[in-house]
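Data block below; observations after.
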Amino acid sequence: MSSLSRRITWGIALGQFLVLGVGISMAYQVAASTLRDQFDEDLRIRAASYAAFIEQEMNTLTVDDEEIERIPPLPDGLLEGIQVCRGDGSVLYRSPALEDQSLPGYGGGLDTTQFQNWQVPEGPKVRLYSTRVLAPHVESSWWNKDREFPRAEMTFVLAREDRNLHASLDLLLLAMLGGGALLMVTTLWLGHLIARRSLAPLNRLGNEVSDLDIATLSGYFKVDSQPRELVPLIHGLNDLRSRVDHALRAQKRMGASLAHEFRTPISELRTLSQVALEDASDVEFQQLALRRTEEVSSYLMRLIELVRDLTEVDGSSRHLETEPLDLLEQVRAGLEGLPSDRFDLAQIGQFQVDTNRDALRSALRNLLSNAALYSPEQSEVECETSRNGERVFLTVTNDAPDLEDEHLTRLAEPFWRRNDAREEAGRHGLGLTIATGMTALAGIDLKFKLQGGRLRATLGIPLLAREAS
Amino acid sequence: MRVLLVEDSPVLQEALVRGFSRKGIALDVVGDGQEGLTLASNNPFDVLVLDLMLPGMDGMSVLRALRKSGSDLHVLILTARDGIEERIAGLQAGADDYLTKPFEFEELVARVQALARRKYREKSTSLGFGPLSIDTIRQEASVAGESISLTPREYAVLEHLAFRSGRPVTRIEIEDSIYSTGDLPTSNAVDRLICGLRGKLDAYGVKDWIRTKRGIGYVLEEPA
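Line by line, the protein sequences give chains E and B.
Per my numbering, residue 1 is the first one in the first sequence, and the count goes up by one each step.
Per my numbering, residue 470 is the first one in the second sequence, and the count goes up by one each step.
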């Protein structure tokens, strides 16, 4: 059982316990009250039967035992008895079944009734029905025909053993608790079953996630036939999967490209040394091989330094030191060694920017040299500036007939080339990657846009505070 | 044997030119894909050694263009790309062999020689002509187990004639096979090489195997 389905089941159990507890309690109260009322009603009717027999006796303040005994006894041998007292509390009559046990008195008013529970000392529990009545008028007597005696006040108590009532109530409680427990277990089982079934798609999704490896990462989790609640989660997972896959592919490409970039110079060194060693008498070639070895090792060092720079800027959060710089001056510095006649700088305004010198120069150098290299010869590269708020935007625009929109996101990827043709010997394909990383650390935005066959690379550079204001 | 190397690394170019030259293999070198395609299409090379990442035109495009034009030139791809998919793609595009960088120089030479032999449908690395035997791996000729001292170019001429034994070969053809484009041989360079070769073979009792076909060139065949 998964933890989640256990929690849901326990949640159902708790909820059910509360609902059933309150429900059973209330139902028991209602049923018990009905049974007691029924019992009391029977007691009242029974009392009426007694009253009918003793009514005629009351005015004489005597009770005829024989008359009382004519009332049929209770069928199950339960204890039952009455007690009739005079107004002063003296007992007029007490049923023999009560064995001289004095029943409690009655504190109520005339013609009112009272029910109460009472424990017979060393006997059973009984239910008492008590009332206070006035004896009927004594209309005549032989010794004083005309005189009307005051009516005597009498207390009548009927005691009846309520063992059966308690047994019924206990049975009722037991039945309710048993039924409740059975209902609870059944519901829990059903709840658990439903929870497990409901959570099965989540479980399957979890298994699919845990089964993912590099080979299957590029696929997608299916959304069809999945519960609606899981769809956002699946979309999120697919998005995450896509991003991880993209990152892994980029890393793989980076690794393969790096290996590729190292293979050629290593191949050069090996071939040079093997050919040089093959003929010890060829001193001229040995000298040449040594010179070339020096050049190739320098190239390798530069490559290693670039890779180190790349790993330093990639994912770094360090902030680069900024300083006030003249933008036009920096652009001119970036053009060093490039065919300056191809660059139109007329649209560059005078701006003082506040950024990192190395990051800006690296970005400018890469953008300007790439613009010259990857645009048709003799075509012009336009540089222009515009200002928006606290930033100045420098845009370098060049013809890029072979470039397509899908290439834009990969321009700054390590070792990326538009096609397999090596455009210029000695270029590693890392410069723009490093420049992009550095510009990000220096707070410079770099964006590419393709418009009408022309590539627009825009640098958003923070202006110096006094210029911005 | 004449080989074209299309490779943009000047260092590799220099090393391979020197190494192949010592083996008596004429190596023409270009660093641009487009230029390589033009040269390969218009010259009788035995083998083309082709890098994939090239300026101008990438190696795969060069190979496809060659095969599309009907060329049956034997092509060896020499590249830093070592992925299995790339090897398959290269071979499926029409390459005869695939070697990844970094490589052993001797292995490259052996593979180039193997491709050259395949061109002449010669599977054996040892060719026999009467008492004369030619070992195309060790690049030496011998008579009764005794090695004949030949210069790389003399060996190249002998091997060229041996692969075409019984068939007359023109001077131009020999010249093309043993000199690379940058070399500037004199007008009688081939005749002088044949003369020197005959002299050395004669000294080992291998007489009249290289015969002159007047107005045509030379042929290696059993003396009448």
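Built from N, CA and C at the ideal position, the CB exists for glycine as well.
Just so you know, these numbers come straight off a predicted model, no measurement behind them.
Could you work out which residues of chain C lie near B/Gly488, taking near to mean beta carbons separated by less than 8 Å?
Annotation note: the requested chain C is absent from the structure, which comprises protein chains E and B.
By alpha-carbon positions, which one of E/Gln16, E/Arg263, E/Thr155 ends up nearest to E/Ala47?
E/Thr155
Using the Cα positions of E/Ser242 and E/Thr216, report the straight-line distance between them to the nearest angstrom.
For E/Ser242 and E/Thr216, the distance between alpha carbons rounds to 11 Å.
For E/Thr293, which residues in the same chain have their Cβ closer than 7 Å to its Cβ, ignoring the five residues on either side in sequence?
Answer for E/Thr293: Leu269, Leu272, listed in chain order.
Could you give the first and the last residue of the continuous alpha helix (DSSP H) run that contains E/Val133?
No alpha helix (DSSP H) contains E/Val133, which is instead part of the beta strand (DSSP E) from 125-134.
Let's see if you can read the secondary structure: which residues bound the beta strand (DSSP E) around E/Trp118?
113-119 is the span of the beta strand (DSSP E), which, as asked, contains E/Trp118.
Round the Cβ separation of B/Leu643 and B/His629 to the nearest angstrom and send it over; I've been treating them as touching at under 8 Å.
Leu is not the amino acid found at residue 643 of chain B; the sequence shown has Ile there. Yes, B/Ile643 and B/His629 are in contact; Cβ-Cβ is about 6 Å, under 8 Å.
May I have the straight-line CA-CA distance separating E/Ala465 from E/Asp354, to the nearest angstrom?
The C-alpha of E/Asp354 is placed about 8 Å away from the C-alpha of E/Ala465.
Can you list the beta strand (DSSP E) stretches of 3 or more residues lying completely in the region 532-595 of chain B, in chain order?
543-548, 566-569
When the cut-off is 7 Å and only beta carbons count, does E/Arg249 lie next to chain B?
no
Helix, strand or coil: which one does DSSP assign to E/Tyr220?
coil
If the cut is a Cβ gap below 7 Å, which residues of chain B does E/Ser281 touch?
By Cβ distance, chain B contributes nothing, its closest Cβ being about 11 Å from E/Ser281, past 7 Å.
Whether B/Gly493 touches B/Tyr687 by CB criterion (7 Å):
No; because the gap between Cβ atoms is not below 7 Å, this pair is not in contact.
CB-CB under 6 Å to B/Gly635, same chain, minus the five flanking residues each way: which ones, in chain order?
If we look at B/Gly635 and ignore the five residues flanking it on each side, its Cβ neighbours are Glu690.
Measuring alpha carbon to alpha carbon, tell me which residue in E/Glu278, E/Val396, E/Val283, E/Arg308 is nearest E/Gly334.
Distances from the CA of E/Gly334 to each of E/Glu278, E/Val396, E/Val283, E/Arg308 were compared; the closest alpha carbon is that of E/Val396.
Pairwise C-alpha distance: E/Ser210 and E/Glu336:
54 Å
Can you list the residues of chain B that E/Ile266 reaches, using a CB-CB cut of under 7 Å?
Correct list: Pro571.
Does the region 504-518 of chain B come close enough to the region 298-309 of chain E that 3 or more CB-CB pairs lie under 8 Å?
no
Please list the terminal residues of the continuous alpha helix (DSSP H) segment that includes E/Ser267.
231-278
Any contact of the region 115-129 of chain E with the region 156-169 of chain E, i.e. 3+ C-beta pairs under 8 Å?
yes
Cα-Cα, which of B/Gln503, B/Val475, B/Ser510 is closest to B/Gly539?
B/Ser510
Any chance the region 528-548 of chain B sits against the region 499-507 of chain B, with 3 or more Cβ pairs inside 8 Å?
yes
When Cβ atoms are compared, which residues of the region 544-574 of chain B fall closer than 9 Å to chain E?
Of all residues in the region 544-574 of chain B, Leu547, Thr548, Ala549, Arg550, Asp551, Gly552, Thr569, Lys570, Pro571, Phe572, Glu573, Phe574 have a Cβ within less than 9 Å of some Cβ in chain E.
Span of the beta strand (DSSP E), counted from its first residue to its last, around E/Thr395
391-399
Do E/Leu432 and E/Asn356 come within 7 Å of each other at the CB atom, strictly closer than that value?
No, Cβ-Cβ distance for E/Asn356 and E/Leu432 is not below 7 Å.
Collapsed DSSP secondary structure at E/Ala13 in the structure displayed:
helix
For E/Pro401, I'd like the list of residues in its chain whose CB is within less than 8 Å of its CB, leaving aside the five on either flank, ordered along the chain.
Pro376, Gly453
Strictly under 7 Å for the Cβ-Cβ distance: is B/Leu508 near chain E by that measure?
no
Should B/Lys570 go down as buried or exposed, given a rule of 16 or more other Cβ atoms within 10 Å for buried?
buried
Report buried or exposed for E/Met301, applying the criterion of at least 16 other Cβ atoms within 10 angstroms of its Cβ.
exposed
Taking the runs of the beta strand (DSSP E) that are 3 residues or longer, which of them lie wholly in the region 314-387 of chain E?
323-326, 343-347, 352-355
I need the boundaries of the beta strand (DSSP E) containing B/Asp497, first residue and last residue.
Counting along the chain, the beta strand (DSSP E) containing B/Asp497 begins and ends at 495-499.
In terms of alpha-carbon separation, which member of B/Phe489, B/Asp565, B/Arg487, B/Asp520 lies closest to E/Arg263?
B/Asp520
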